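Below you'll find the structure, written out as structure tokens, and then a few comments.
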Amino acid sequence: MLMIPVRTLPAILAFVSLSLTLMVGCQPPQAGGPQPSDKGDKPQTEVAVAEPPVDSPKVESPEVESPPAETPPMLTAPVVTPPAMEKEAPMATEKPAETETPAKTESTEAADPPPLPARELFVGWEKPRLALFLTGEQHGYIEPCGCTGLTNQKGGLNRRFTFLNQLRNDKGWDVVALDAGNQVRRFGRQAEIKFQTTANAIKQMDYEAITFGPDDLRLSVDEVFVAVADEDPEKTRFLAANASLLGVTPKYRIIERDGLKIGVTGVFGDGRRGEVANNEVEFQPAVEGLEAVWPELEAAKCDLYVLLASASLEESREYARKFPGFRLIVTAGGAGEPTLQMEKIEGTDAQMVQVGVKGMFAGVVGIYGDHAEELKYERVPLDARFPDSDEMMKLLANYQQQLEALGWDGLGIKPIEHPTGREFVGSSKCGECHTTAFEIWEKTPHSHATHTLVHPPERFEVARHFDPECIACHVVGWNQSQYVPYKSGYLSLEETPLMAGVGCENCHGPGADHVAAEEGAMMLSEAQIAQLRKDMVLPLESARQTCIKCHDIDNSPDFHNTGAFEEYWKKVEHYGKD
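Shown next, in the form of structure tokens:
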């Protein structure tokens, strides 16, 4: 949410330990050398993996002897306590440093210098008459995900809650929180629970207005309505000028604070309309919806009009030009980090703030003057300077408990067939022949990747091994992009203990046919057996592509540095059969 959820220690990026060889008939490698061939030729740079079979025999449910199904011991990862922080650190007013976030990498040794401090905030600001707290595009990331550790990650409801409270309580600012939408990704029962969790958090943070993103509107309207509705219709905070749920969600809000009137509406961009196939949502073209709402907003004689645009950057600019009364556009458009400064939209008095992606940033707009004549802006990364909150930790724990109670069936998750049509056997079975490679794997964090979800090294109060978006990258036999298990893949520590950890078959593919052939469970020609062995071979470059399915740019950014893969490979280098 919660892409993907790899929560191992930084050392898990000893990445290619996934690629344990299952290849039979290989000779031991020469010292420092790559993969030798069956003929004793000089080794080539490849390791073993499953690729779609080429004229390979299909085995009909072979009887394969497996090791006893004993649940491995729970390996408790060490608890990492974040360094103590000065409570007022985010609010300092000295000259800012050059860097916003720590630059520490996963491969940094203990002797390396400490990361640079986070950039100080609100330098030169006087207390604003009113502050707008701007977020959006959470995209399911209710907490950050990845291998780099919380110190090097941004985003999450915990930090957002803490920062907002610091502004209100520690600094004494009057703050109005607004959101540009897209709370979840995907659809289905887990996304609905995540939307409900986010809606509860938003209520606790006292947001005044939130518009809808396309992923929000792909959910069941009944589920979304239950999450966003309030007993008092006047307090329903989700709104849009041109998208309505059951005809009851408001189209705009007038917010009055300290003598200032702020008019807020949301718009669902026409370019995003094709992303929502939900007949229960009542849509209008964007301009048509804004034309209907604007006269009512204008009649309220607000000091500032704000448009929450779930739209592309260009669409957001277009709406500002067509409706010049909006002086502040908060857009969900843009593909990366928000700009450091507000964008002045040519031909208008409007300025535009981007919210960024995955809820990593919050924008703060300070309003000054009797009629909001002056606006100041600060882009704030939600980094480790903002400690966790008890309130949000309780919400996250409740979210995981709901997933556990429902189980895979209750979440609508059914095992699918692997593209090869083959089944998994577990790393222990591989280790019966590939003993050296198995011993190397056992010493890597990948071997106990599942248990870092059972006993997380950080935020250890909340276990995450019942969360499909987390477990997919921490076990054998799951599709990491669809968050579903393959048939014969991991189901639970009790049912499938041999599939715990990130093991051989994560890279090499399911090995049941290969094992059955080598154990003589079926009659095959030498050519067929050789083909099954070949199917398990993985060139090193293909291993890199397999690894980044989980260790993507967000979860493991340092792995994408030049030369990083080669360095990590050295730590787990292994070849063939003993």
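In terms of mature numbering (1 follows the signal peptide of the UniProt record, and there is no 0), the sequence shown is residues -31 to -1, 1 to 547.
C-beta: ideal position from N, C-alpha, C; glycine also.
Predicted model only: the values in this text are computed from it and were never measured.
Check                                                                                                     : Outcome
Contact check, residue 472 vs residue 395, beta carbons under 8 Å                                         : yes
Same chain, Cβ closer than 6 Å to residue 36, neighbours up to 5 away in sequence not counted             : Below a pLDDT of 50, predicted positions are generally treated as unreliable, and residue 36, at 37, falls in that range; the measurement from the model is reported next regardless. 397.
Ordered list of alpha helix (DSSP H) runs contained in the segment 127 to 173, each at least 4 residues   : 158 to 173
Residue span of the beta strand (DSSP E) that contains residue 300, given as start and end                : 297 to 300
Segments of 4+ residues assigned as alpha helix (DSSP H) that fall wholly inside the segment 349 to 388   : 359 to 379
Alpha helix (DSSP H) segment containing residue 540, residue limits                                       : 533 to 541
Three CB pairs or more closer than 8 Å across the segment 240 to 255 and the segment 117 to 125           : no
For residue 102, the first and last residue of its enclosing beta strand (DSSP E)                         : 99 to 104
Three CB pairs or more closer than 8 Å across the segment 171 to 182 and the segment 397 to 406           : no
For residue 332, the first and last residue of its enclosing beta strand (DSSP E)                         : 330 to 337
Three-state secondary structure (DSSP) of residue 210                                                     : coil
Counted within 10 angstroms of its Cβ, other Cβ atoms place residue 269 as buried (16 or more) or exposed : exposed
Check whether residue 452 and residue 469 have beta carbons under 8 Å apart                               : no
Reduced DSSP category for residue 263 - H, G, I as helix; E, B as strand; rest coil                       : helix
Of the listed residues 110, 93, 100, 95, nearest to residue 351 (C-alpha basis)                           : 110
Opening and closing residue of the alpha helix (DSSP H) in which residue 514 lies                         : 509 to 516
Assigned exposure category for residue 138 - 16 Cβ within 10 Å defines buried                             : exposed
C-alpha distance - residue 225 paired with residue 273, whole-angstrom precision                          : 11 Å
Limits of the beta strand (DSSP E) - the one that residue 400 falls within                                : Here residue 400 belongs to no beta strand (DSSP E); instead the alpha helix (DSSP H) covers 396 to 400.
Sub-8 Å separation of residue 211 and residue 267 beta-carbons                                            : no
Under 8 Å between C-beta atoms of residue 303 and residue 124                                             : no
CA nearest to the CA of residue 359, picked from 544, 430, 214                                            : 430
Proximity of residue 336 and residue 99 at Cβ, strictly below 8 Å                                         : yes
Whether residue 182 touches residue 301 by CB criterion (8 Å)                                             : yes
Simplified DSSP state of residue 179, which is helix, strand or coil                                      : strand
Buried/exposed call for residue 121, threshold 16 Cβ in 10 Å                                              : buried
Neighbour-count burial assignment, residue 133, 16 or more Cβ in a 10 Å radius                            : buried
Residue -24 burial status per 10 Å Cβ neighbour count (16 or more: buried)                                : Residue placement at residue -24 cannot be trusted, given a pLDDT of 40 that sits under 50; what the coordinates show is reported in the next sentence. Label assigned to residue -24: buried.
Beta-carbon proximity list for residue 467, same chain, < 6 Å, skipping 5 on both sides                   : 395, 397
Assigned secondary structure, residue 121 (DSSP; H/G/I helix, E/B strand, else coil)                      : helix
Residue 278 - DSSP class collapsed to helix/strand/coil                                                   : strand
Secondary structure of residue 435, DSSP reduced to three states                                          : coil
Three-pair Cβ contact test at 8 Å for the segment 378 to 390 versus the segment 518 to 537                : no
Of the listed residues 487, 345, 476, nearest to residue 498 (C-alpha basis)                              : 487
beta-carbon residue 190 near the ligand MG non-hydrogen atom, thresh 7 Å                                  : Absence of the ligand MG from the depicted structure is noted, as is the absence of any ligand whatsoever, leaving it without description.
Rounded Cβ spacing between residue 319 and residue 295 (contact assumed at less than 8 Å)                 : 6 Å
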